[in-house]
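In our numbering, the protein residues as written are 139 to 546. For every residue, glycine included, the Cβ atom is placed at its ideal position computed from N, Cα and C. Taking it in order: structure first as structure tokens, then the write-up.
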């Protein structure tokens, strides 16, 4: 919300009485502000409510949340003077009076220059170039506490707050808390709160901490200052959006984090031959094309909510259970499906015939019984590209399998 973020830039989260002007959609920022800035204990509901009421007070909309500052400066001069005086050597970080005097002098000099352009020839440092984008302005115009508040506001839309904070402190026992702490103070890239890569960089950090990244066989450039697009196994499109994660046989040990859902341009997720455990995510981005998770320790049922865009699904060598009905029937564009060496039960569903472009289908080494549907065998002759259709011949009657059951 640009209005709320603009207000935050002018100090609403820094002052003792936050007076950011809120509408209904901005309530989340105030809630975040009142908890993160330690004004209230995270379990003190009454204190938080009073804080939010003050934060969102409508009657004060006309006031500037940086009134002590804006009385000295015009709008364009605010950001530079606030930053220069915050870092002024002659003022301590907590000496508000000194910094206020500094800002007044800074802004008056700006006004004098506007009145007399000739004063620009003085032997003084040229003014710091003013930011040209909303992201840069916010980043350069706020202090660390304000940056933390806006970062948390954005990331709390991705991750449950309880996974980041516990008892008013960053929870360093969770991958999400560790990733947030890294983004906040450990990442030498020091992202501005409105940086378009914030979510994807955070999501990769959560993946790293969720799978014991410090024990990977190779983690070249991971959690380094460089762009996440240069991290080992990561690929990006021309817009700098992550479209590929390929970390096969890297000793990833842990669970897939739900934060991967924010990678809206992800085409390929290849994490075969690792030690991933837990259930498969209920949701991936709608454009995912290849999901390769074979030879891990994944359990539970395969959700029927996998994206329709999938053309390759490799889940072999895990401990998946349940029937294939929901999986097969929901993936009409499938070309390669490898589900062998799991604990699937039931029968081969008739809906397999809907996969007109199928090239490889492997179901052996499961607990599937019955017969291959005749409808599936009928399409074999019309699908010359079908190269592999394999099952457990002892448990399934199949006249059209490739290789033939009589030869297995």
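*Less than 8 angstroms separating the beta-carbons of residue 416 and residue 439?*
no
*Where residue 455 falls, given that 16 or more other Cβ within 10 Å makes a residue buried*: With 16 or more Cβ atoms within 10 Å of its Cβ, residue 455 is classed as buried.
_Sequence-distant residues of its chain with Cβ nearer than 6 angstroms to residue 527 (five each side left out)_ = 499, 539 and 540
*Name the residue from 349, 329 and 401 whose alpha carbon lies nearest to the alpha carbon of residue 377.*
For the residues 349, 329 and 401, the minimum Cα distance to residue 377 belongs to 401.
*Could you check where the beta strand (DSSP E) with residue 475 kicks off and where it finishes?*
474-476
*asked:* What would DSSP say about residue 317, mapped onto helix, strand or coil?
replied: In the structure shown, residue 317 adopts helical secondary structure according to DSSP, grouped into three states.
*Let me know the secondary structure DSSP gives residue 496 once reduced to three states.*
coil
*What is the DSSP secondary structure of residue 396, counted as helix, strand or coil?*
helix
*Report the three-state DSSP secondary structure of residue 293 (helix, strand or coil).*
In this structure, residue 293 counts as helix in the three-state DSSP scheme.
*asked:* I want to check one thing, is the minimum distance from the CB of residue 528 to the heavy atoms of the ligand NAP below 7 angstroms?
replied: The model depicted lacks the ligand NAP and carries no ligand whatsoever.
*Run through DSSP, which three-state label would residue 208 get?*
In this prediction, residue 208 scores a pLDDT of 33, lower than 50, which makes its location untrustworthy; the coordinate-derived value is nonetheless stated afterwards. If DSSP states are grouped into helix, strand and coil, residue 208 belongs with the helices.
*Is the CB-CB distance between residue 505 and residue 474 below 8 angstroms?*
no
*residue 215 - DSSP class collapsed to helix/strand/coil*: Confidence in residue 215 is poor, its pLDDT being 43 and thus under 50, which makes the residue's placement too unreliable to answer from.
*Taking residue 117 as the reference, which of 482, 451 and 476 has the closest Cα?*
Any question about residue 117 goes unanswered here, given that the chain covers just 139 to 546.
*residue 528 by DSSP, collapsed to three states: which one?*
strand
*Take the Cβ of residue 312 as the centre, count every other Cβ of all protein chains shown within 10 Å, and call the residue buried at 16 or more, exposed below.*
buried
*Going by CA-CA distance only, name the one from 356, 357, 365 and 457 that's closest to residue 436.*
457
*When we look at the beta-carbon of residue 115 and count the other beta-carbons within 10 Å, is it buried (16 or more) or exposed?*
One cannot answer for residue 115 here, as it falls past the ends of the chain, which runs 139 to 546.
*May I have the straight-line CA-CA distance separating residue 480 from residue 503, to the nearest angstrom?*
7 angstroms
*Flag this pair as yes or no: are the beta carbons of residue 408 and residue 384 separated by less than 8 angstroms?*
In this structure, residue 384 lies closer than 8 angstroms to residue 408 by Cβ.
*May I have the straight-line CA-CA distance separating residue 356 from residue 432, to the nearest angstrom?*
20 angstroms
*Can you tell which of 332, 334 and 294 has the C-alpha that lies nearest to the C-alpha of residue 317?*
294
*Can you say whether residue 344 is buried or exposed, counting buried as having 16 or more other CB atoms within 10 angstroms of its CB?*
buried
*From the DSSP output, which residues share a beta bridge with residue 339?*
For residue 339, which the question treats as bridged, DSSP gives no partner whatsoever.
*Is the CB-CB distance between residue 452 and residue 476 below 8 angstroms?*
yes
*Quick one: what does DSSP say residue 451 is sitting in, helix, strand or coil?*
strand
*Given a threshold of 16 other Cβ atoms within 10 Å of its Cβ, counted over all protein chains shown, does residue 370 qualify as buried or as exposed?*
exposed
*Between which two residues does the alpha helix (DSSP H) carrying residue 515 extend?*
512-518
*Can you name, in chain order, every residue of its own chain whose Cβ lies under 7 angstroms from the Cβ of residue 297, other than the five neighbours on each side?*
314 and 397
*asked:* If distances are taken between C-alpha atoms only, which option among 510, 328, 304 and 374 comes closest to residue 532?
replied: Of all alpha-carbon atoms in 510, 328, 304 and 374, the one lying nearest the alpha-carbon of residue 532 is that of 510.
*Find out if the Cβ-Cβ distance for the pair residue 354, residue 390 is shorter than 8 angstroms.*
yes
*Tell whether a beta-carbon distance below 8 angstroms holds between residue 342 and residue 363.*
no
*What is the DSSP secondary structure of residue 374, counted as helix, strand or coil?*
strand
*Short check: CB of residue 392 to CB of residue 421, under 8 angstroms?*
No; because the gap between Cβ atoms is not below 8 angstroms, this pair is not in contact.
*residue 282 to residue 332 span [Cα, whole Å]*: The straight-line gap from Cα to Cα measures roughly 14 angstroms.
*So, helix, strand or coil for residue 424, using DSSP?*
coil
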